[in-house]
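Visitor:
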Amino acid sequence: MSPPGRAGVASVTDDLRAFLATATGRDELLRIPPGTALFGTEVGLDSLTGTLLLREIQRRFGVDVAGEDLNLDSLATLGTLAAFVAQRAHP
Amino acid sequence: MTREGPVKCVVWDIDNTLLTGVYLESGDQPPGADPALAAVLAELGERGILHALASKNPPEAAEHTARVTGWRFAAAECGWGSKSGALARIAATLGIAVDALAFVDDDPYERAEVGLALPGVLVLSPEDAAEAAGWPEFSPPVVTPEARRRGEMYAERQRRQAAERSFGGTREEFLESAGTRVGIAAATAADVPRLAELAARTRQFNSAGAGMTQDWFRGLLAAPDRDVVTVRLQDAFGDDGMVGGCVIARGAGTWTVPLLMMSCRAMGRGVIDALLAWLIRHAARAGARRLLIPCVANSRNVPLRLALAAAGFRVPGPAGQAPAAYQRDLEPPLPALPGRVSAPGEPGGDPA
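Quick note, the sequences are listed as chains A and B, same order.
My numbering puts the last residue of the first sequence at 161; the count rises by one with no breaks.
My numbering puts the last residue of the second sequence at 385; the count rises by one with no breaks.
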């Protein structure tokens, strides 16, 4: 178990991978490394999958990514997003 | 009263509301439609307002109601849960805000339950509803062909979504297999009513907020250094007509986009990405070095901000300016444009 108020980066990363694989129907996303760009061709996050992802993060971890990060720079890679969420999570 | 803006969808009860009796208590002879409310359905439908059903009945009651009223409902929730839950699911299915719903029920208990749980919903008795066609909440300022066809388009959307769920490949492959066509073109005077309607109705994909009138668009069409652009969308499931648009202000080194908008109906169909990619290519071809899109950043237009981030736009400097100045340098490599997109200056499009 993670300490209260914080989630482990590794477990958040796994959760995000699982969600991306389900939302896109592409199982290979279960194995992407943390350095993978989310907006790049490999994941191809767009406004629809991105909105679903941010909604799921808010539901599961209580983190409003879009509210706290105007530029959405946290969405650069899988790893930056997991770190951003893990630091603020209160599941 | 927290609601504001026009009603986009009316959610109707069935028993003793749209029907003149109770469906399950009528044996082999289910009740017919209430003629006054059937006329309201048609009148509001003509204005582009959607209709949906929320009923504590089996699904056959919804089919019967559709038959006797002659109306194709955009969504139907039949079950024994709360009506407020049914309304929330209908809003999610249709991709519209709960606050854009009205709810009509003869049962004061149901009206109270919805009014308490969802204070943004306009709650009406059948008697109120019979007169509601005259109210401003049900009177959109302009009614375009796209608005009149909105009910059919939601039915097409449900068929498209069902096909996509059963499709094996990626979304990109689905868009291709569905024969998706995105048409970007210079606006003409005939496009102005729909442009103003989109400017008034779009929230999730709108960079500028409200206030763009038909006169504002007409003025821009006449301005020498401004371009007004429309985006149309169709595929094998149906023709959505004009789903988006933008305004371009051509400057010496920097092009600015004072308005970028798209109907949320077109979400997930590659439209906003195509429009942004074309804007980048178009501005770069004309010699601009930077593209600037001022965008009011709020919780409702997160989808647009995601699209901007995905297309490489960033807000430099400290946060807190309003609107935020999203910008992108126009250095190569420029984004590709899928073959399903036709646009000025691109193969298969009009000349720039």
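Every residue gets a Cβ at the ideal spot worked out from N, C-alpha and C, and that includes glycine.
In this text the structure is predicted, and so the values were computed from the model without any measurement.
So residue 300(B) contacts chain A; which residues on that side make the cut at Cβ distance below 7 Å?
Guide: 117 and 118
Visitor: Helix, strand or coil, according to DSSP, for residue 282(B) in the structure here?
Guide: Three-state result, residue 282(B): strand.
Visitor: Determine whether the Cβ of residue 35(B) lies closer than 9 Å to any Cβ atom of chain A.
Guide: Residue confidence is low: residue 35(B) scores 38 on pLDDT, short of 50, so the model does not pin down where it sits. No coordinate-derived value is stated.
Visitor: By Cβ distance below 7 Å, which residues in the same chain neighbour residue 144(A) in space, the five residues on each side in sequence not counted?
Guide: Scanning its chain for C-beta atoms nearer than 7 Å, with the 5 sequence neighbours on each side dropped, one finds around residue 144(A) the residues 135, 150, 151 and 154, in chain order.
Visitor: Below 8 Å, can you find three or more Cβ-Cβ pairs linking the segment 295 to 307 of chain B to the segment 231 to 247 of chain B?
Guide: yes
Visitor: Which residues in the same chain have their Cβ closer than 6 Å to the Cβ of residue 216(B), if we skip the five residues on either side of it in sequence?
Guide: 265 and 375
Visitor: Taking the alpha-carbon positions, what's the residue 314(B) to residue 345(B) distance?
Guide: 13 Å
Visitor: Report buried or exposed for residue 157(B), applying the criterion of at least 16 other Cβ atoms within 10 angstroms of its Cβ.
Guide: buried
Visitor: What's the C-alpha gap between residue 196(B) and residue 372(B)?
Guide: 22 Å
Visitor: I'd like the list of long-range same chain contacts for residue 123(A), defined as Cβ closer than 8 Å, with 5 residues on each side in sequence excluded.
Guide: 86, 89, 90, 93 and 115
Visitor: In chain order, what residues of the same chain have a beta carbon less than 6 Å from the beta carbon of residue 113(B), not counting five sequence neighbours either side?
Guide: For residue 113(B), where only same-chain residues beyond five positions count, the Cβ hits under 6 Å are 89.
Visitor: For the beta strand (DSSP E) containing residue 217(B), name the first residue and the last one.
Guide: 214 to 219
Visitor: When DSSP labels each residue in this structure, what does residue 274(B) get in the three-state scheme?
Guide: Looking at residue 274(B) - three-state DSSP - the assignment turns out to be strand.
Visitor: Within the same chain, show all residues whose beta-carbon is closer than 6 Å to that of residue 260(B), passing over the 5 residues directly before and after it, in chain order.
Guide: 281
Visitor: Does the beta-carbon of residue 35(B) have 16 or more other beta-carbons within 10 angstroms, so that it is buried, or is it exposed?
Guide: Bear in mind that a pLDDT of 38 at residue 35(B), under 50, signals an unreliable position, so the number given afterwards is only what the model happens to contain. Exposed.
Visitor: Between the segment 249 to 283 of chain B and chain A, which residues of the former have CB atoms less than 7 Å from a CB of the latter, in chain order?
Guide: none
Visitor: Helix, strand or coil for residue 386(B), going by three-state DSSP, please let me know.
Guide: This structure cannot speak to residue 386(B), because chain B is shown only from 34 to 385.
Visitor: Have a look at 104(A), 99(A), 118(A) and 121(A) and flag the residue whose alpha-carbon is nearest the alpha-carbon of residue 112(A).
Guide: Nearest to residue 112(A) by alpha-carbon distance, out of 104(A), 99(A), 118(A) and 121(A), is 99(A).
Visitor: Could you name the residues of the segment 81 to 105 of chain A whose beta carbon sits closer than 8 Å to any beta carbon of chain B, in the order they occur along the chain?
Guide: 94, 95 and 96
Visitor: So what does DSSP say about residue 6(B), is it helix, strand or coil?
Guide: Past the boundaries of the shown model lies residue 6(B); chain B is included only from 34 to 385, so the question cannot be answered.
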